[in-house]
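Residue numbers (our numbering), protein chains in the order written: chain A, 2 to 214; chain B, 2 to 214.
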């Protein structure tokens, strides 16, 4: 069994030995040696997985996550499923922040992903067509354009997430999760959060199925 | 004499009676009844002004603003010129934040403009192709996608600017300056900041010219 989380930029896989990701247009078929159980936030990329591997099954309907939030992405539901208390930060194409309290989802919000900020800047002005410098110091005011853009992006994201976390536990995941988690000394980085939630849902469904027999 | 500040999205004019702005491709020639003294951050839009009104003069070289910041935009220099102490927030296509202390520029940084955030979200996913709701409450966690995006944009910008301002005076300008200033009770909104700096520079240049005679 392979678990698969289809995002807007990457398709993420987990086969109990390793985690890997492919661009949707470059799914490595050699790795797909078993049935795939997947969730997806992107119908186009979902079609690309199915084209790459016929025995792929969408398990969205067994992700049982109760929330008053209307339209919560299936990947956010899965990531939250394994957390009873704390803040979940999934930093990918978008950065999603969700808060759990005593097993209940309190709500959450969305920021652009780190790459997205770079794209806006270059659309605003050619003078801002510079890469974000992820090592920009955040304790002194910038004195050049690249530092000024990088400071704005990083400082605004970090202060916003910090304001949500306060003294709660924080769990980071996603492609930029490891980088962002470094700004939060008490946080945990766990690239398995979404897959953990999928596995919990599968185990629950199998248990329910057994009990019905 | 008309003063003109050429930005990346709009061309702003001031003729001592009123302020107005035009899209660069729709400059209202009827209004241009006198010589234009301008600054510009966008060479393409600058050409459009010159095409619309021949007697237009770039006054960048008389904007005398001393700063250790390399490559500070001419509009940011002008906006800072009239402020001795405090934080200047110019919220347009980009949001620039600059800090002045005893007449000295301390540095500054850049965030995407409010419109820019909307553009990134729609590029990330069609599910995020929703307008930013500027009335989204920022004191409770969102429970739907549009509120989640809007909360992320507004909260991250506001917390970042607040972290810079602390107990300093804050001066807001630019197209979204009035809206943003409402989140900062002690702030001032002044759509004239850039034009004020241009006028100061012109007055200084005229004074110097007189003294040389």
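Virtual Cβ for every residue (Gly too), placed ideally from N, Cα, C. Since we're looking at a predicted model, the values are computed, not measured.
Using a cut-off of 9 angstroms between C-beta atoms, extract the partners of residue 12 of chain A located in chain B.
Correct list: empty, because the minimum Cβ distance to chain B is about 15 angstroms.
Leaving out five residues before and five after residue 11 of chain A in sequence, what residues of the same chain have Cβ atoms less than 6 angstroms from its Cβ?
22
Starting from residue 171 of chain A, follow its DSSP beta bridges and name the residues at the other end.
A/88
Return the chain-ordered ranges of every beta strand (DSSP E) run that is complete within the segment 170 to 214 of chain A and spans a minimum of 3 residues.
With a minimum length of 3 residues, the continuous beta strand (DSSP E) runs that stay inside the segment 170 to 214 of chain A are 171 to 174.
Proximal residues of chain B, C-beta to C-beta of residue 120 of chain A below 8 angstroms
121 and 124
What residues in the segment 51 to 77 of chain B have a beta carbon less than 7 angstroms from any beta carbon of chain A?
69, 70, 71 and 72
For chain B, is any of its Cβ atoms less than 8 angstroms away from the one on residue 129 of chain A?
yes
Among residues of its own chain, excluding the 5 on either side of residue 42 of chain A, which ones have a beta-carbon nearer than 8 angstroms to its beta-carbon?
The answer, listed in chain order, is 7, 8, 9, 74, 75 and 76.
By the criterion of Cβ-Cβ separation under 7 angstroms, what are the contact partners of residue 25 of chain B in chain A?
Residues of chain A passing the Cβ test: none, with the nearest at roughly 13 angstroms.
Determine, for residue 143 of chain B, whether the minimum Cβ-Cβ distance to residues of chain A falls below 8 angstroms.
yes
How would you list, in chain order, the residues of chain B whose beta-carbon sits under 7 angstroms from the beta-carbon of residue 152 of chain A?
110
Presumed contact (8 angstroms Cβ cut-off) between residue 15 of chain A and residue 28 of chain A, rounded CB distance:
Actually they are not in contact, since the Cβ atoms of residue 15 of chain A and residue 28 of chain A sit about 14 angstroms apart, beyond 8 angstroms.
Throw me the rounded Cβ distance for the residue 158 of chain B and residue 129 of chain B pair, which I believe falls under 8 angstroms.
In fact, because the Cβ distance is near 17 angstroms, the residues do not count as touching under 8 angstroms.
Neighbourhood of residue 39 of chain B by C-beta, 8 angstroms cutoff - its chain only, sequence neighbours within 5 removed
4, 5, 6, 7, 47, 50, 57, 58, 59 and 60
Quick one: measure Cβ to Cβ for residue 160 of chain B and residue 133 of chain B, integer angstroms, because I've assumed they're closer than 8 angstroms.
Residue 133 of chain B and residue 160 of chain B do not touch by the CB rule: their CB atoms are close to 16 angstroms apart, not below 8 angstroms.
What does the alpha-carbon distance come out to for the pair residue 19 of chain B and residue 62 of chain A?
60 angstroms
Taking residue 100 of chain B as the query, report the chain A residues whose CB atoms sit under 9 angstroms from its CB, ordered along the chain.
142
Can you give me the start and stop residues for the alpha helix (DSSP H) that residue 76 of chain B sits inside?
75 to 82
Of the residues A/24, A/97, A/178 and A/174, which one's Cα is nearest the Cα of residue 147 of chain B?
A/97
From the DSSP output, which residues share a beta bridge with residue 106 of chain A?
Per DSSP, A/101.
Using a Cβ-Cβ cut-off of 7 angstroms (strictly less than) and excluding sequence neighbours within five positions of residue 53 of chain A, which residues of its own chain qualify?
So the list reads 28, 30 and 33, once near-sequence residues are dropped.
Interface positions of the segment 35 to 48 of chain A facing chain B (Cβ-Cβ less than 8 angstroms), listed along the chain
42 and 43
Under 8 angstroms: do the segment 135 to 144 of chain A and the segment 169 to 184 of chain B share three or more Cβ pairs, one atom per stretch?
no
Cβ-based burial, residue 119 of chain A [other Cβ within 10 Å; buried from 16]:
buried
Of the residues B/86, B/92 and B/127, the one placed nearest residue 162 of chain B, counting alpha carbons only:
A check of alpha carbon separations from residue 162 of chain B across B/86, B/92 and B/127 identifies B/92 as the nearest.
Around the Cβ of residue 207 of chain B, are there at least 16 other Cβ atoms within 10 angstroms (buried) or fewer (exposed)?
exposed
Among the candidates B/81, B/117, B/164 and B/195, whose CA atom is the shortest distance from the CA of residue 184 of chain B?
Among B/81, B/117, B/164 and B/195, the Cα nearest to that of residue 184 of chain B is on B/164.
Please list, in chain order, all residues of the same chain as residue 87 of chain B whose beta carbon is under 7 angstroms from its beta carbon, the five residues on each side excluded.
101, 169, 170, 171 and 172
Around the Cβ of residue 213 of chain B, are there at least 16 other Cβ atoms within 10 angstroms (buried) or fewer (exposed)?
exposed
Determine which residues of the segment 149 to 176 of chain A have a Cβ less than 7 angstroms from any Cβ of chain B, and write them out in chain order.
Residues passing the 7 angstroms Cβ filter: 149, 150, 152, 153, 156, 157, 158, 160, 161 and 164.
Under the assumption that residue 209 of chain A contacts residue 149 of chain B (Cβ atoms under 8 angstroms), give the Cβ distance between them as a whole number of angstroms.
So it is not a contact: roughly 31 angstroms between Cβ atoms.
What distance in whole Å lies between the Cβ atoms of residue 144 of chain B and residue 193 of chain A, which are believed to be in contact at a cut-off of 8 angstroms?
No, residue 193 of chain A and residue 144 of chain B are not in contact; Cβ-Cβ is about 27 angstroms, not under 8 angstroms.
Name the two residues that bound the continuous alpha helix (DSSP H) containing residue 118 of chain B.
115 to 125
Check whether chain A comes within 8 angstroms of residue 80 of chain B, counting only Cβ atoms and requiring the distance to be less than that.
no
Is it buried or exposed for residue 36 of chain B, if we count other Cβ within 10 angstroms and need 16 for buried?
exposed
If contacts are defined as beta-carbon pairs under 8 angstroms, then residue 94 of chain B and residue 84 of chain A qualify, I think. What distance do you get, rounded to the angstrom?
Not really, about 39 angstroms apart at Cβ, beyond 8 angstroms.
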